[in-house]
Amino acid sequence: MRLPLLFLLPALLSFFSGGAPAQTPTPAATPAATPAPAATQTHPTAAAALEVLRDECVACHRTGKNKGGLKLGTELGLKAGGESGPVLVPGKATESLLYSVLSKEGDPHMPPKKQLSEPQIAAVRAWLEAGAPWDAAVMNRPPRGKPVKLRPLPSIVKPVFALAFSPDGSTLAVARGSAVELHDATAERFPLKSTIAAEVDTVASLLWSTDGKTLVTGGFRQIRFWNAADGSAAGAITEGLSGDVTALCTNGGTLWAADSLASRGGFIHRIASAERKILQTWKAHEDSIYGLALSKDGVWLASAGADRLMRRWEPLSGALKGTYEGHTNQVLSVAFDPLNPRLATTGADREIKIWDRDSREQDAVLGDKKQVTSALHWSADGSRLATVTDRGGGSVFSAIQKHTGEQRSDTAKIQKLDKVTAVLQCVSSNKDGTRIAAGAADGRVFIWNGTDGKLVPFE
Numbered sequence: 000m001r002l003p004l005l006f007l008l009p010a011l012l013s014f015f016s017g018g019a020p021a022q023t024p025t026p027a028a029t030p031a032a033t034p035a036p037a038a039t040q041t042h043p044t045a046a047a048a049l050e051v052l053r054d055e056c057v058a059c060h061r062t063g064k065n066k067g068g069l070k071l072g073t074e075l076g077l078k079a080g081g082e083s084g085p086v087l088v089p090g091k092a093t094e095s096l097l098y099s100v101l102s103k104e105g106d107p108h109m110p111p112k113k114q115l116s117e118p119q120i121a122a123v124r125a126w127l128e129a130g131a132p133w134d135a136a137v138m139n140r141p142p143r144g145k146p147v148k149l150r151p152l153p154s155i156v157k158p159v160f161a162l163a164f165s166p167d168g169s170t171l172a173v174a175r176g177s178a179v180e181l182h183d184a185t186a187e188r189f190p191l192k193s194t195i196a197a198e199v200d201t202v203a204s205l206l207w208s209t210d211g212k213t214l215v216t217g218g219f220r221q222i223r224f225w226n227a228a229d230g231s232a233a234g235a236i237t238e239g240l241s242g243d244v245t246a247l248c249t250n251g252g253t254l255w256a257a258d259s260l261a262s263r264g265g266f267i268h269r270i271a272s273a274e275r276k277i278l279q280t281w282k283a284h285e286d287s288i289y290g291l292a293l294s295k296d297g298v299w300l301a302s303a304g305a306d307r308l309m310r311r312w313e314p315l316s317g318a319l320k321g322t323y324e325g326h327t328n329q330v331l332s333v334a335f336d337p338l339n340p341r342l343a344t345t346g347a348d349r350e351i352k353i354w355d356r357d358s359r360e361q362d363a364v365l366g367d368k369k370q371v372t373s374a375l376h377w378s379a380d381g382s383r384l385a386t387v388t389d390r391g392g393g394s395v396f397s398a399i400q401k402h403t404g405e406q407r408s409d410t411a412k413i414q415k416l417d418k419v420t421a422v423l424q425c426v427s428s429n430k431d432g433t434r435i436a437a438g439a440a441d442g443r444v445f446i447w448n449g450t451d452g453k454l455v456p457f458e
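Everything in the sequence shown is counted per numbering that gives the first Met the number 0, starting at 0 for the first residue and increasing by one.
Laid out in structure tokens, this is it:
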């Protein structure tokens with residue numbers, strides 16, 4: 000199956016940055032997320048050793064990718080061992096399989112394609128000798144990032160990974176390659192007004208402030224703020240980020256950012272917008288986060304992950320309030336219904352799902368399952384849910400009803416968008432959904448009339 004480049008974002012960013020490391024609900028209660036790192040550890044040797052496991056081992060030995068049947072991301076998984084049996088003997092490092100495979104002579108040798116440093120191996124040994132004490136806070140922190148020197152994108156590489164209409168609908172911001180273009184959405188053909196040289200690398204995410212005065216861009220280990228009026232820089236966050244900032248959302252005073260490391264974890268940062276300061280970080284998913292959404296009243300935050308899950312959080316505490324299971328592949332996008340207590344998600348399993356927010360039941364399943372819906376966007380007035388696909392298709396759903404057993408088409412009104420020959424990556428719409436914009440992997444932008452699905456000229 001041809002996958003949209005959205006899946007390949009971490010790899011693409013890594014390539015051009017010179018080697019950067021770049022889903023039926025269950026009623027059971029879910030644990031609260033771990034807030035910012037704790038000041039103390041359960042044992043002085045725990046942090047150093049668990050950081051080695053977190054940074055070097057968990058990517059291959061975690062839920063969803065437990066090579067050898069071994070899960071090292073949790074204390075329960077560590078103690079359970081793997082297909083070869085127990086991996087540790089607390090208090091006896093030399094008798095522990097976990098230790099023996101780390102040496103140069105280890106057979107098998109772990110990690111398979113590299114050799115850990117002597118200090119790293121010594122840290123693991125000291126921890127095992129101390130009884131292998133566990134510290135969940137360490138495992139829930141982002142991995143330590145290695146220094147990376149970014150290289151400018153080749154001039155021919157200009158994927159559109161994000162775009163957004165301003166709150167008043169007058170301007171369309173397009174993240175094209177490493178720049179952000181501002182187009183006049185009130186004029187025919189959406190003429191270009193100005194360009195912001197936002198990043199050295201690809202702009203992975205884009206957001207307007209609620210007052211429309213500021214643009215926020217996310218890239219590799221950085222979040223930047225721009226004055227929308229003249230494109231001048233208005234601040235940046237470059238510390239405390241570990242991977243690609245793949246999604247952003249805001250309520251005005253607070254910003255939430257998804258920090259994604261492919262196969263290693265997806266983290267959410269809560270940020271004070273005015274101070275440009277990270278206030279809190281928690282691990283939200285076991286893999287990259289592809290979407291973030293905030294409910295209209297600001298009470299709930301939702302995240303969509305490559306681990307096939309969508310999750311709902313208390314945005315100011317980081318407490319996990321619901322895990323939505325049902326997608327059988329990566330969850331690519333999430334949006335709250337502005338009018339009703341429900342959410343929409345789309346996944347690489349070719350499913351568009353409508354969820355009851357509180358019960359976590361699936362109210363409806365939309366789409367034809369013939370192509371991957373790569374992105375979706377609910378208009379601010381709640382009247383239209385716009386979707387686009389990796390094969391250039393798109394639909395606008397309205398009057399969505401709870402599924403009662405009839406055909407999918409009976410659960411909503413559907414307006415098809417004129418098809419284009421492009422891998423569509425992202426979608427946005429103006430307040431009432433009368434204009435829909437989508438960006439493609441090859442750098443093109445398409446505009447449709449949301450009422451009849453016809454293409455609108457774009458310069």
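We put the beta carbon where it would ideally sit given N, CA and C, even for glycine.
Sheet register partners of residue i (DSSP bridge)
i, result
"D200", "Paired residues: none, contrary to the question."
"L206", "V215"
"M309", "A303 and Y323"
"R341", "D355"
"A398", "A398 pairs with nothing; no bridge assigned."
"T372", "T388"
"V455", "I446"
"A271", "T253 and K276"
"I222", "G217 and I236"
"G438", "C425 and V444"
"G84", "G81"
Range of the contiguous alpha helix (DSSP H) that encloses residue i
i, result
"R124", "E117 to E128"
"E94", "Counting along the chain, E94 falls outside any alpha helix (DSSP H), and DSSP gives it neither H nor E."
"E74", "E74 to A79"
"A135", "A135 to M138"
Helix, strand or coil at residue i according to DSSP, with G and I counted as helix
i, result
"L247", "strand"
"P20", "Unreliable positioning characterises P20 in this predicted model, as indicated by a pLDDT of 34, which lies under 50. The coordinate reading is nonetheless provided below. P20: coil per DSSP, three-state reduction."
"K112", "coil"
"G67", "helix"
"R61", "strand"
"A261", "coil"
"S427", "strand"
"T433", "coil"
"T410", "helix"
"S287", "coil"
"P30", "Its pLDDT being 35, under 50, P30 is placed unreliably in this model, and the value from its coordinates should be taken loosely. Three-state result, P30: coil."
"S332", "strand"
"S193", "strand"
With 16 other Cβ atoms within 10 Å as the buried cut-off, status of residue i
i, result
"A484", "What is shown of the chain runs 0 to 458, which leaves residue 484 out entirely."
"S169", "exposed"
"S154", "exposed"
"D451", "exposed"
"G432", "buried"
"F373", "In the sequence as displayed, the identity of residue 373 is Ser instead of Phe. So S373 ends up on the buried side."
"L191", "exposed"
Boundaries (first-last residue) of the beta strand (DSSP E) holding residue i
i, result
"L240", "That residue, L240, is in no beta strand (DSSP E); it is neither H nor E in DSSP."
"L52", "Unbroken run through L52 is the alpha helix (DSSP H), A45 to E55; no beta strand (DSSP E)."
"F164", "V159 to F164"
"V173", "T170 to R175"
"T280", "K276 to H284"
"A363", "Q361 to L365"
"D181", "Checking the sequence, you will find Leu at residue 181 rather than Asp. A178 to D183 is the span of the beta strand (DSSP E), which, as asked, contains L181."
CB contact below 8 Å: residue i versus chain C
i, result
"N328", "Among the protein chains of the structure shown there is no chain C, as only one such chain exists."
(message) Check whether the segment 160–170 and the segment 197–207 touch, using three or more Cβ-Cβ pairs below 8 Å as the test.
(response) yes
(message) Does the segment 344–362 come into contact with the segment 258–269, if we say contact requires no fewer than three beta-carbon pairs (one atom in each stretch) closer than 8 Å?
(response) no
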